[in-house]
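Below is one structure, written out as structure tokens; the observations come after it.
Protein chains in written order, with this note's numbering: chain A, 1 to 155; chain C, 1001 to 1945.
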């Protein structure tokens, strides 16, 4: 999904649109990330000024949630679950395989900008562990073959 | 006294009236409902181990060290977040709890440097204490795992360091910044193992939103946030409780000492003005006391163009006495006078006016309040009967509407601003009347309901318009007015304010404030519940300063907002002891306690005790003294701790007056600007070097205690005594407490004040006498001091200082957080990091018209004079208005201000000067000439010269 290029006035319009709601910060952050693919540092003063918060407070929230990105992701995002049930079902090995094949550590993006590999802690799919998510689509009962197929598709 | 270890109750006090009784470790204890188990345990004499809890901030429950067991309940709840309940039985020390606590400590210590012996917090570290308390003997995890030991130290703040390798992420600093200071400059970045304290957007402290108040440093349980002075010197060994010498909040501090060296100043929790909070000035900016610029020897010279000659105290004092006697013999008794200092103690101020009235034999005494809050004294005395604010600071906790007029508390009275912000965050409404968009108009978690951004000089029109709305919309509290005020006067006043020309619609054209905003603000003030007015020099420093003070008093009386907690009319005093200097009889027409010198009964009591006959005619005010000096009839002046050449308006006129005198005696810490024109320099002592008292803006008399010997050898009061003795009017005091005893004997409102009482109570608010032995936090409770409240008609008379084609902009002046007044102290500290020059704030529109870019040199010119400084383009000022500070002698903003002043008190009209701003490429002629004089006149001769 192509993202918009960051632009202050466009960002401010998104922020203003959500500003009236109670607890507006998270909806604003989601909306910004949906539009631009990330929450750059430039967003922080804009959000702080609009919601009458300090820069530190906004920064604290942005950094608390792994899902808010500070850098643009690849065209495809593969999230592998590393929580207990998936670990028990061999998730760690699949994680190692994915990292090896992509040459990435957790959170990294391939040099060609094609794939981002994220760790996730529980997708609520423990019954079909190990589980993954690619570009927002859930995948259960992951094994080496299915992982390879996902990677191939993404690359 | 030994090092004061204040009890940390772990969580804030509960204000509930209902009490609860419970048992902790077998000890029965009764505490207010809502108290935490941790705090109740302290009351029972039991310390539950803790790390993330401290009683200045709300409980957080993150460190998991303060766990307890409650009989009949499952689990091990945190004692900081668990409130007490009737009849429960709590155990703080069980085998299970010991195991848990040790386990928690092991985790902490596995990621903490083991450098206790070389750590700056050694001996003052809660982590170290807790390791001891829980009996930590080993760390089974080892130290080789992933850790933060190599995290980089942030030393950007000049006063403290941030060393994340020692951080246990308890969030005490983050919470102190939010709850105590209200700046929200800190946060926790990230989560889990990655979480760390971040200033702003993971910036250095100095670049972040941090205002360097020190609350985080105080809250930190480890060496993570640590004063650089402690790192340099080591831990203090004794404390002395004293009162800050900066603004009128009058914070109480513990001077923590090692011998006679100050290690750090720590705000004192028992201080009733500050409750353990501080700002960057009081907490950190005390290094001027030992600055190399301090003058430590008396100096004399024949002509001001001569170099200074260092002399003995005897010679200097003898010279002053003989010169003053010679001048009085030649030019008459009234050719001499003096100025008392709002920076000196009550006792010192009292002695200077005593010397002048009794020793010089005239009433030519005035004080720097002349140029700041003299209209407050006059206006509040006329309307209410007392020349002082009506409330204590804590009163604001019960205000529901706060009306700030011409004051900028976050910069000028930061510790009170923090208390006010706490109240505003809790829901009180805010109205701001100010030509400038001060921070409180909108800052994190605070937003004014109304900002009436009026044109400088139109205060009175606006306050009358507010009154118009209250009267014509039937919002006045008639029952209160009938009972407490003069009803006939009220009716006259009401008829006046109700005139159509005073309506918001009519006044809008004068003030530039939309009529509906005026109406809305008036309705909120009158109907929003307890409404309190806080004001500053933006009210007083006008040609109608006194009228405006009375206008505010009218408003408070008409709405019944006076005489109880949460309401009132409150001047925010600029200097530490401006209230005290006024109380002490510093004005030419008043004895101590604001009693007119023409009152025969009062004068007789002074004459009897002092053994002299006193003049019943008021003497000269500062501007009159200077006018008389220019005319040649005023020839000698004794100036205690004031820099009129920098702080008073129309500098060139001040300089002309000083240059025309035959003996100018300056008593100060530094060669200030006035000293350039002095013949005698008497080196004074800082507040750290003497005993005495200061009286803050809430009439609170607090002790100043000597922590080190006077560096010049004489405390300021001793200098005055020596001059008086040499003049032939002997004074005998062995200690300032004896001066206070004399003040109490002569002054009904101080009758109950003594050093013994101040030592016992910590501080006391005057009136303190038989009727109120413990002092008076709130004034005018059942009736006004003057009897019936007095309504005064406040006709708006525009100032003669108007804009025109030559001077189209209005200049207004003020103060900034890190600097203080003429900057004599703060410029000699690391506070210059934040503000090393005065800047001219100008609106983008006005800047563009003049081709001025941000940071450009501009010339600021009025009909009085011109100066050059750099421009700062900002929308904080409205179009047509420019603003600057007056902290730096290189700028000399007061070269530009004019001779106009308040009709009643001569308080200068600093806040309104018509000016022009134009691009410039450097200092003005005056600045260059003055710089030359200044350098030449400061020269001190070498011993051999």
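By construction, the Cβ of each residue, glycine as well, lies at the ideal position given by its N, Cα and C atoms.
Let me confirm a value: residue 3 of chain A is counted as buried when at least 16 other C-beta atoms fall within 10 Å, else exposed. Which label applies?
One-based indexing of the first chain puts residue 3 of chain A at position 3. Per the 10 Å Cβ criterion, exposed.
Is residue 1165 of chain C near residue 1221 of chain C, with beta carbons less than 8 Å apart?
Position 165 of the second chain, counted from the first residue, corresponds to residue 1165 of chain C. Position 221 of the second chain, counted from the first residue, corresponds to residue 1221 of chain C. Not closer than 8 Å, so no.
Contact with chain C by residue 128 of chain A, beta-carbon distance below 8 Å:
By one-based count along the first chain, residue 128 of chain A stands at place 128. With 8 Å as the cut-off, residue 128 of chain A does not count as an interface residue toward chain C.
Are the CB atoms of residue 1062 of chain C and residue 1052 of chain C within a distance shorter than 8 Å?
To locate residue 1052 of chain C, count along the second chain from 1; it is residue 52. To locate residue 1062 of chain C, count along the second chain from 1; it is residue 62. For residue 1052 of chain C and residue 1062 of chain C, yes; Cβs fall inside 8 Å.
Neighbourhood of residue 1788 of chain C by C-beta, 6 Å cutoff - its chain only, sequence neighbours within 5 removed
What you label residue 1788 of chain C is simply residue 788 of the second chain in a count that begins at 1. Excluding its 5 nearest sequence neighbours in each direction, residue 1788 of chain C has C-beta neighbours in its own chain below 6 Å: 1485 and 1486, listed in chain order.
Supposed contact pair residue 1397 of chain C and residue 1423 of chain C - C-beta distance, whole angstroms, cut 8 Å:
Here residue 1423 of chain C refers to the residue found at position 423 when the second chain is read from its first residue. Here residue 1397 of chain C refers to the residue found at position 397 when the second chain is read from its first residue. Taking 8 Å as the upper bound for CB-CB distance, residue 1423 of chain C and residue 1397 of chain C are in contact here, some 6 Å apart.
Under a Cβ-count criterion, where at least 16 other Cβ atoms within 10 Å of its own Cβ denotes burial, should residue 114 of chain A be classed as buried or exposed?
By one-based count along the first chain, residue 114 of chain A stands at place 114. Around the Cβ of residue 114 of chain A, a 10 Å sphere holds fewer than 16 other Cβ atoms; the residue is exposed.
With respect to the alpha helix (DSSP H) encompassing residue 1091 of chain C, which residues constitute its N-terminal and C-terminal limits?
Start at 1 with the first residue of the second chain, and residue 1091 of chain C comes out as number 91. Looking at the DSSP string, residue 1091 of chain C is not in any alpha helix (DSSP H); the run it does join, the beta strand (DSSP E), is 1089-1091.
For residue 1197 of chain C: DSSP bridge partner residues
Taking the first residue of the second chain as 1, we reach residue 1197 of chain C at position 197. C:1188, per the DSSP bridge assignment.
Give the list of continuous alpha helix (DSSP H) stretches no shorter than 4 residues that lie fully inside the stretch 1210-1273 of chain C.
Within the stretch 1210-1273 of chain C, the complete alpha helix (DSSP H) runs of at least 4 residues fall at 1215-1219 and 1228-1233.
If you follow the beta strand (DSSP E) that residue 1872 of chain C is in, where does it begin and where does it stop?
Translated into the one-based positions of the second chain, residue 1872 of chain C becomes position 872. Note, residue 1872 of chain C: beta strand (DSSP E), 1866-1873.
Could you please tell me which residues of the stretch 1188-1211 of chain C, in chain order, have their CB closer than 8 Å to any CB of chain A?
Listed in sequence order: 1188, 1189, 1190, 1191, 1198, 1199, 1200, 1201, 1202, 1208 and 1209.
With a threshold of 16 other CB atoms inside 10 Å of the CB of residue 1193 of chain C, please say whether the residue is buried or exposed.
For the purposes of this step, residue 1193 of chain C is identified with residue 193 of the second chain, where counting begins at 1. Exposed, by the Cβ-count rule.
Identify, in the order they occur along the chain, each residue of the same chain with its Cβ nearer than 7 Å to the Cβ of residue 97 of chain A, setting aside the five sequence neighbours on each side.
On the first chain, residue 97 of chain A is found 97 positions in, with the first residue counted as 1. The answer, listed in chain order, is 144 and 147.
Taking Cβ to Cβ, would you say residue 1020 of chain C is nearer than 8 Å to residue 1095 of chain C?
Residue 1020 of chain C sits at position 20 when you count from the first residue of the second chain. Residue 1095 of chain C sits at position 95 when you count from the first residue of the second chain. No; because the gap between Cβ atoms is not below 8 Å, this pair is not in contact.
If you measure from the beta carbon of residue 60 of chain A to each beta carbon in chain C, is any gap under 8 Å?
Mapped onto the first chain, residue 60 of chain A falls at position 60. Under the 8 Å criterion on CB atoms, residue 60 of chain A is classed as interfacial with respect to chain C.
For residue 1687 of chain C, which three-state DSSP category applies?
Start at 1 with the first residue of the second chain, and residue 1687 of chain C comes out as number 687. Reduced to three states, the DSSP call for residue 1687 of chain C is helix.
Indicate whether the contact test is met: 3 or more Cβ pairs, each with one atom in the stretch 79-89 of chain A and one in the stretch 43-51 of chain A, closer than 8 Å.
The stretch 79-89 of chain A, when compared against the stretch 43-51 of chain A, does not touch it at the 8 Å Cβ threshold.
Name the chain A residues that come within less than 8 Å of residue 1447 of chain C, Cβ to Cβ?
Translated into positions along the second chain, residue 1447 of chain C becomes position 447. Ordered by position in chain A, the residues that pass the 8 Å Cβ test against residue 1447 of chain C are 52.
Using CA coordinates, which residue listed in C:1304, C:1285, C:1308 and C:1136 is at the minimum distance from residue 1295 of chain C?
Counting from one through the second chain, the residue named residue 1295 of chain C turns up at place 295. Looking at the Cα atoms, C:1308 is the closest of the given residues.
Who are the near neighbours of residue 1089 of chain C in its chain, counting only those whose CB is closer than 6 Å to its CB and skipping five residues on each side?
In the second chain, counting from the first residue as 1, residue 1089 of chain C sits at position 89. Within the same chain, Cβ atoms closer than 6 Å to the Cβ of residue 1089 of chain C are found at 1023 and 1071, the five residues on either side in sequence being excluded.
Closest to residue 1797 of chain C by C-alpha separation, out of C:1460, C:1232, C:1378 and C:1448, would be which residue?
Position 797 of the second chain, counted from the start, is the residue given in the question as residue 1797 of chain C. Each of C:1460, C:1232, C:1378 and C:1448 was checked against the Cα of residue 1797 of chain C, and the nearest Cα belongs to C:1460.
The stretch 1920-1940 of chain C touching the stretch 1885-1902 of chain C, judged by at least three CB pairs closer than 8 Å:
Segment contact: the stretch 1920-1940 of chain C against the stretch 1885-1902 of chain C, three or more CB-CB distances shorter than 8 Å; contact assigned.
Can you say whether residue 153 of chain A is buried or exposed, counting buried as having 16 or more other CB atoms within 10 angstroms of its CB?
Residue mapping note: residue 153 of chain A aligns to position 153 of the first chain, counting from 1. Residue 153 of chain A counts as exposed, since fewer than 16 other beta carbons sit within 10 angstroms of its beta carbon.
Are there three or more Cβ pairs, one per stretch, closer than 8 Å when the stretch 1495-1502 of chain C is compared with the stretch 1357-1377 of chain C?
The stretch 1495-1502 of chain C, when compared against the stretch 1357-1377 of chain C, does not touch it at the 8 Å Cβ threshold.
Nearest neighbour of residue 1027 of chain C, chosen from C:1018, C:1753, C:1091 and C:1074 [CA to CA]:
For the purposes of this step, residue 1027 of chain C is taken as residue 27 along the second chain, with counting starting at 1. The shortest C-alpha separation from residue 1027 of chain C is found at C:1091.
Going by Cα to Cα distance, which pick from A:104, A:25, A:94 and A:74 is closest to residue 65 of chain A?
The count along the first chain starts at 1 and reaches residue 65 of chain A at position 65. Checking every option, the nearest Cα to that of residue 65 of chain A belongs to A:25.
Taking Cβ positions only, does residue 1444 of chain C come closer than 8 Å to chain A?
By 1-based counting over the second chain, the position of residue 1444 of chain C is 444. A Cβ of chain A is located within less than 8 Å of the beta carbon of residue 1444 of chain C.
Output, in chain order, the set of chain C residues within a Cβ distance shorter than 7 Å of residue 55 of chain A.
For the purposes of this step, residue 55 of chain A is taken as residue 55 along the first chain, with counting starting at 1. Under the 7 Å cutoff, chain C gives 1200, 1201 and 1209.
Could you give the distance in angstroms between the alpha-carbon of residue 1720 of chain C and the alpha-carbon of residue 1708 of chain C?
Looking up residue 1720 of chain C in the second chain gives position 720. Looking up residue 1708 of chain C in the second chain gives position 708. Distance between residue 1720 of chain C and residue 1708 of chain C, taken at the CA atoms: about 20 Å.
Quick one: is residue 1060 of chain C near chain A, going by C-beta distance under 8 Å?
Here residue 1060 of chain C refers to the residue found at position 60 of the second chain. By this cut-off, residue 1060 of chain C is not an interface position.
Mind checking whether residue 101 of chain A and residue 151 of chain A have CB atoms under 8 Å apart?
Against the first chain, residue 101 of chain A aligns to sequence position 101. Against the first chain, residue 151 of chain A aligns to sequence position 151. Going by C-beta atoms, residue 101 of chain A is nearer than 8 Å to residue 151 of chain A.
Sort C:1816, C:1893 and C:1347 by Cα distance to residue 1742 of chain C and report the nearest one.
Numbered from 1 along the second chain, position 742 holds the residue referred to as residue 1742 of chain C. The residue with the shortest Cα to Cα distance from residue 1742 of chain C is C:1347.
Complete alpha helix (DSSP H) runs within the stretch 8-65 of chain A (minimum length 4 residues, chain order)
For the stretch 8-65 of chain A, whole alpha helix (DSSP H) runs of length 4 or above, ordered along the chain, are 8-19, 25-36, 43-51 and 55-64.
Please name the residue, chosen from C:1588, C:1809, C:1109 and C:1607, that lies closest to residue 1370 of chain C on a Cα-to-Cα basis.
For the purposes of this step, residue 1370 of chain C is taken as residue 370 along the second chain, with counting starting at 1. Considering only alpha carbons, the answer is C:1588.
Can you pull out the residues from the stretch 1568-1596 of chain C whose beta carbon lies closer than 9 Å to at least one beta carbon of chain A?
When C-beta distances to chain A are compared with 9 Å, every residue of the stretch 1568-1596 of chain C stays at or above that value.
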